[in-house]
Each structure stands twice: as structure tokens, then as C-alpha cells.
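Peer 1: Handing you a structure now.
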Amino acid sequence: MTRSLARAHIGAKQLVALLGEWEVGDAVYSALAARIALLLDDGRIATYTRLPAERELADALGRSRTTVVAAYRALRDSGHLISVRGSGSVAVLPTSPTATSGTEVDFARAVPPPVPGLSDVLSRAGDAATTILAHPGFDLVGERHLREQIAERYCALGAPTSAEQIMITVGAQHAIALVSRTVLRHRDNVVVEAPTYPHAYEAVLTAGGRLASTPVSNLGWDGEHLVSIVTRMRPQLAYLIPDFHNPTGATMPEAVRERVLDAARRSGTLLLVDETTADLDIDRPSAPPSFACLAGRHSAGTVVSVGSLSKTIWGGLRIGWVRADPVLLSRLVGARPAGDLGTSVLDQTVAADVLSNYDGFLAHRRALLRDRRDLLTDLLRTQLPDWDIPVVRGGLSLWVGLRAPISSALAQAAQRRGVRITAGTKFGTDGTHERFIRVPFTGDPDRIRRGVGILRDTWDSLLPLAGAAAHHRLPPTL
Ligand SMILES: Cc1ncc(COP(=O)(O)O)c(C=O)c1O
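Here the UniProt record's numbering is used: position 295 in the sequence shown is 295, and no number is missing along the way.
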């Protein structure tokens, strides 16, 4: 007997409830397919979920079976559905990025271009080929010189750090996943922000953690809630993005950091502090001390920090790091080979060169982000005056309030016009944030202009839907 592919099942009524306002523009079958794909993409339908039989769903929707058959066929064609004898129609994520074909503007990813001067660094790495090739080519902890450089940056920011506390990883995502699977046991509680960076909570879930969330908005954290949930629940881990939080851009004030650190120390909670976006400061009036800095020696074991060069330098440079106390660090090194065998020495050589002039590169990065943030903010304020456009002082994106719960419909309709954008729901763990959309300012200015124009036209086409959702309308979100 073959094992069923499906790991879960969703009933027709449950699916209809999740679909929400799905009839956007298109032929009915393709609107249905697009919405199911979106639910799958943002995690509201888990991969390997068996969808209802066509007739069942047709009855629940009050539509013809032909419509559902056509929608399922479209999902099969786009790689979102596989039909296996004995397992029914099972939802999966496509293995090839077919969804990007026909995309004119990609607002789905917040990926800045390579920083100017990087090609010179790459050429120098080429010149050092003989030395690099004399090395096995990868290692678990990281090159000593690079670890020292990273430790020095922490020291300069007031957090005494030695190379023994630093491990080089394959980007920050790897670091988050490695920490999660090393410290978590099945069904351990983990606090995450809502909204948050989606791949982090995915890593926590994969490691067996159970999520509890604490709210963040463009105005920042609800400090009371965060402290109280850490105190009451005593979670094993709390994952936080305190500087230029993704997606809101908010910065956690020092007083909140102090209280969270204190609550975590008392509760035995490890704070996993993601500083991937921390250096993307555009015009923040002042930078609060980092968690590593506040923890000092006294509570060093309470904080593990994660950093990366992917946003400041280039996403193709797969270099991140973990700063942890030496005991946790050695556990991470021990756990690592089960997932990967080390970071490329070629990437590490490039990173070490970059770090020797990091402040120079950061100045370029900040100038670019400033121009593009200003451009996007102006365009959205002028062309989409119904939306709540926040002021952000750094980071990569704007967390825009739509004042109506139609972010999935907007994403779906924009995709048809050539703009990929991620619905707000992707950034929550339970389908919330339907009133928000994340708009990155990382693309080139012409694309940003074009993208906002298309979003405006798409929004105009959705006005009847926004009107229908008017009874859900809330006051401005800023
Ligand atoms: C907050 C946050 N953490 C981690 C990552 C992953 O970074 P990396 O590319 O270094 O793996 C991202 C990427 O978008 C991010 O926004």
C-alpha cells in the first residue's frame, strides 16, 4: 500500500471561509485558482493539505462543478496541486517559479541591488584564488579573521565580544533555523511578533515550536503585552526584530528592550534577536543600544543575536552570523552538520574584504534607501491618498494600511496586471493583517514608479470591493 501524500485535509466549508473576497476581476475559475494559490503561499493552507472534492467545493461555493474543475486544473498547471490516486487533490508549493512569469514589477521581495564597489571586491577574491583554493573550501565555525572583524563591530557598539562568540552562517535565515532546531523541543512555546518576517516563524514551526504572538504596528510594540506574555508563558524562545522591524520598519525603544530582557532573564527565555535589518538606518534620530549591549556579561546567556550581509551588501553573498555565549555556540556547531557542512570560504573571503570598509559600503546603501524610500512615500501619498502611508526611518519597506480588509484581493488583482506583491496576511501566523500590504522600496526608481501606477489602477478597479468591505472599515492605522 502506498502512503497517502496528504498530511492534512481542509473541508469545503472551511475553505470557503478562508477564501474571503476572492472574486476579483478574472474569469471565475482563474480567480478561484489565484486565491487558493495565495492562501497556500501565505501559509493559511499548509502544504500537503488535501483539498475538498470538486463537487463538494462547488456546492459550498454555489458554483458549477465545471468552475471548480477548471480552477483545480489551473492550479495543477501552475504547480500548486497534485492529484494522486488515493490522496485526492493535494496542495503543494510549485517547485519552479512559474508565478513570476509575466511579472513586470516585483514588490514581493525586499531585495536591494548589490552595493556599488562589490564587483571590485569580487575581482580581488579572484586574485586570491591560489590561497582560497589551498583551503578545503568550507568550515563549520567560520574563518578566524572574519569572526574577529564581526566581534570588533559588536565591541565598537558597546557589546564586548570575542571571536569565540561568533559563528559564521549561510545567511541569517540559516542562523535562525539552526538556533531554532538546536534549542527547541517538540511543542516548546515561542513568542513571535505579529506581523513578522515569515520565514522565521516557518523555521520555528519546522523545529517543532508552538507560536504565540505579540503585536507590532507602525507605531511599535505593545511593551506591556510583550513583557506579560514572556512572563506568563515562559516561552523557550522569543524571536524579535528590534531595529527596522520587517515589515513595519519600527524600532524598539531602549526602555522596552530593558523590560523585555529582564522578563526573559526571569522566565528562562532565550531572546533570538534578528539584526539583519539593523544597519539599514536612513535617518533614525538615535539608535538604541542593542540587546547584546544591554545584556552585557550579566545576562549574556539570555540573548543570541543574528546578523547578515544580505541586505547591506548583496543577497547573493550568503554570509550571516550568530553571536552567542560560548556554551550555546558550541551546541550550534555540534548541531550544524545535520543540516549543512559549513560556509563557503570564497564567500567568507569576500565578506572579510567588505567588512574592512563596511562603513563606506553602508553609506552607499543608506543613500540609495533614502532616495527610494522618499520616492515611494511621495508616490503612494499622492496616488493612493486613501491609504495610510507610514513614516519609516530605515529598513527596506513600508507597511501600508489599506483601511479595508482586502490585501489578498489587491495582491491577486495586481498580479494579473504584472505586479507581484505580498498580501499582509503572509506576515502573520493566522491570516490576520488583511488590512495591510508591504511595499518594498528596494527596486529601481522606474520600477517603483511603474509599480505604484499599477497599484493605483488596481486599487481603482477594486473600489467596489473596498466599498463592500466598508463596514469593516477602521480608522486610520497610524
Ligand atoms: C528580518 C529578516 N531576517 C532574516 C532574513 C534572511 O536573511 P538572509 O538573506 O541573510 O538569509 C531576512 C530577509 O529578508 C529578513 O528580512
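A virtual CB, placed ideally from N, CA and C, is assigned to each residue, including glycine.
Since this is a predicted model, take the numbers as computed values, not measurements.
Quick check on the DSSP output: the alpha helix (DSSP H) that includes A292 runs from which residue to which?
Peer 2: Position 292 of the sequence shown holds residue 292. It spans 291 to 295 - the alpha helix (DSSP H) in which A292 sits, taken as one unbroken run.
Peer 1: Where DSSP assigns a beta bridge to residue 484, which residues make up the other side?
Peer 2: No information on residue 484 is available, as it lies outside the stretch 1 to 478 that the chain covers here.
Peer 1: For P385, which three-state DSSP category applies?
Peer 2: By one-based count along the sequence shown, residue 385 stands at place 385. Three-state result, P385: coil.
Peer 1: Do you know offhand how far V400's Cα is from A110's?
Peer 2: In the sequence shown, counting from the first residue as 1, residue 400 sits at position 400. In the sequence shown, counting from the first residue as 1, residue 110 sits at position 110. About 14 Å.
Peer 1: Mind checking which residues open and close the beta strand (DSSP E) that includes Y239?
Peer 2: In the sequence shown, residue 239 corresponds to position 239, counting from 1. That run of the beta strand (DSSP E) goes 237 to 240.
Peer 1: Going straight from the alpha carbon of A6 to that of F427, what length do you get?
Peer 2: Indexing the sequence shown from 1 puts residue 6 at position 6. Indexing the sequence shown from 1 puts residue 427 at position 427. A direct Cα-Cα distance of roughly 25 Å separates A6 from F427.
Peer 1: May I have the straight-line CA-CA distance separating W321 from L146, to the nearest angstrom?
Peer 2: Your numbering for residue 321 matches position 321 in the sequence shown. Your numbering for residue 146 matches position 146 in the sequence shown. Approximately 10 Å, taken between the alpha carbons.
Peer 1: Looking only at its chain, what residues have a beta carbon closer than 8 Å to the beta carbon of I132, apart from the 5 residues adjacent to it on each side?
Peer 2: For this step, residue 132 is matched to residue 132 along the sequence shown. Excluding residues within five positions, the ones whose Cβ falls inside 8 Å are A125, V345, L346, T349.
Peer 1: Pop quiz: L118 and I389 are said to be a contact at Cβ under 8 Å. What is the actual Cβ separation, rounded to whole angstroms?
Peer 2: The residue given as residue 118 occupies position 118 in the sequence shown. The residue given as residue 389 occupies position 389 in the sequence shown. Contact flag wrong, Cβ pair sits at about 31 Å.
Peer 1: Compute the beta-carbon to beta-carbon distance between L462 and I406, rounded to the nearest angstrom, for a pair I have assumed lies under 8 Å.
Peer 2: Position 462 of the sequence shown, counted from the first residue, corresponds to residue 462. Position 406 of the sequence shown, counted from the first residue, corresponds to residue 406. Right, their Cβ atoms sit about 6 Å apart.
Peer 1: Check each residue's C-beta against every heavy atom of ligand 1 and list, in chain order, those closer than 7 Å.
Peer 2: A110, G171, A172, Q173, H174, I176, Y197, H199, A200, I241, N246, D274, T276, T277, S308, S310, K311, G315, G320
Peer 1: Can you say whether N357 is buried or exposed, counting buried as having 16 or more other CB atoms within 10 angstroms of its CB?
Peer 2: Locating residue 357 in the sequence shown gives position 357, where the first residue counts as 1. Label assigned to N357: exposed.
Peer 1: Strictly by DSSP, which residues pair up with P440?
Peer 2: The residue given as residue 440 occupies position 440 in the sequence shown. When DSSP reads this structure, P440 sits in a beta bridge with S397.
Peer 1: Pick from L18, S30, E202: whose alpha carbon is nearest that of D77?
Peer 2: Residue mapping note: residue 77 aligns to position 77 of the sequence shown, counting from 1. For the residues L18, S30, E202, the minimum Cα distance to D77 belongs to S30.
Peer 1: Quick check on DSSP: helix, strand or coil for A466?
Peer 2: If you number the sequence shown from 1, residue 466 lands on position 466. In the structure shown, A466 sits in a helix (DSSP, three-state: H, G or I).
Peer 1: Which residue wins for smallest C-alpha separation from L122, given the options V227, D353, G394?
Peer 2: Position 122 of the sequence shown holds residue 122. Of the candidates V227, D353, G394, the residue whose Cα lies closest to the Cα of L122 is D353.
Peer 1: Leaving aside the five residues before and after E434 along the sequence, list all residues of the same chain whose C-beta is less than 8 Å from its C-beta, in chain order.
Peer 2: By 1-based counting over the sequence shown, the position of residue 434 is 434. Answer for E434: G20, P405, I406, S407, S408, A423, G424, T425, listed in chain order.
Peer 1: For W459, name the three-state secondary structure that DSSP assigns.
Peer 2: Mapped onto the sequence shown, residue 459 falls at position 459. In the three-state reduction of the DSSP assignment, W459 falls in the helix class.
Peer 1: I'd like to know whether the C-beta of S330 is nearer than 8 Å to at least one C-beta of chain C.
Peer 2: Here there is only one protein chain, and chain C is not present.
Peer 1: Could you give the uninterrupted runs of the alpha helix (DSSP H) lying entirely in the region 316 to 357, keeping only those of 4 residues or more?
Peer 2: 326 to 335, 345 to 355
Peer 1: Distance check for Y154 and T161, CA to CA, integer angstroms please.
Peer 2: Here residue 161 corresponds to residue number 161 of the sequence shown, with the count starting at 1. Here residue 154 corresponds to residue number 154 of the sequence shown, with the count starting at 1. Spanning the two alpha carbons is a distance of roughly 6 Å.
Peer 1: In chain order, what residues of the same chain lie with their CB nearer than 6 Å to the CB of D274, ignoring the 5 residues before and after it?
Peer 2: Here residue 274 corresponds to residue number 274 of the sequence shown, with the count starting at 1. If we look at D274 and ignore the five residues flanking it on each side, its Cβ neighbours are I241, V306.
Peer 1: CA-CA distance, A238 and G208?
Peer 2: What you label residue 238 is simply residue 238 of the sequence shown in a count that begins at 1. What you label residue 208 is simply residue 208 of the sequence shown in a count that begins at 1. Rounded to the nearest angstrom, the two C-alpha atoms are 14 Å apart.
Peer 1: Measure from the alpha carbon of L40 to the alpha carbon of each residue in D26, V92, Q14, then state which is nearest.
Peer 2: Here residue 40 refers to the residue found at position 40 of the sequence shown. Of D26, V92, Q14, the residue nearest in Cα terms is V92.
Peer 1: Looking only at C-alpha atoms, which of V141, S213, P445, D460 sits nearest to R370?
Peer 2: The residue given as residue 370 occupies position 370 in the sequence shown. Minimum Cα distance to R370 is reached at P445.
Peer 1: With a CB to CB cut of under 6 Å and the five nearest residues on each side skipped, what residues in its chain are close to D222?
Peer 2: Reading the sequence shown from its first residue, position 222 is the one you call residue 222. Once the five neighbours on either side are set aside, the close Cβ partners of D222 are P215.
Peer 1: Can you find the residues in the same chain that come closer than 6 Å, C-beta to C-beta, to A99, ignoring five residues on each side of it along the sequence?
Peer 2: Start at 1 with the first residue of the sequence shown, and residue 99 comes out as number 99. Caution applies to A99, whose pLDDT of 48 falls short of 50 and renders its modelled position unreliable; the value that the coordinates give is listed next. Around A99: no qualifying Cβ.
Peer 1: On the DSSP letters alone, give me the boundaries of the alpha helix (DSSP H) that G171 sits inside.
Peer 2: Here the question's residue 171 lines up with position 171 in the sequence shown. Run containing G171: 171 to 183, per the alpha helix (DSSP H) assignment.
Peer 1: Go ahead and pull the three-state DSSP assignment for L410.
Peer 2: The residue labelled residue 410 in the question sits at position 410 within the sequence shown. DSSP places L410 in helix when its eight states are reduced to three.
Peer 1: Quick check on this structure: which residue in A338, P116, D42 has the alpha carbon closest to the alpha carbon of G431?
Peer 2: The residue you call residue 431 lines up with position 431 of the sequence shown. Nearest of A338, P116, D42 to G431, Cα basis: D42.
Peer 1: Whole angstroms is fine: what's the gap from T276's alpha carbon to G86's?
Peer 2: The residue labelled residue 276 in the question sits at position 276 within the sequence shown. The residue labelled residue 86 in the question sits at position 86 within the sequence shown. Near 44 Å, if we compare the C-alpha coordinates of G86 and T276.
Peer 1: Can you grab the Cα-Cα spacing for the pair F361 / V115, in whole Å?
Peer 2: Taking the sequence shown and counting its residues from 1, the one referred to as residue 361 is at position 361. Taking the sequence shown and counting its residues from 1, the one referred to as residue 115 is at position 115. Each residue's alpha carbon lies about 7 Å from the other.
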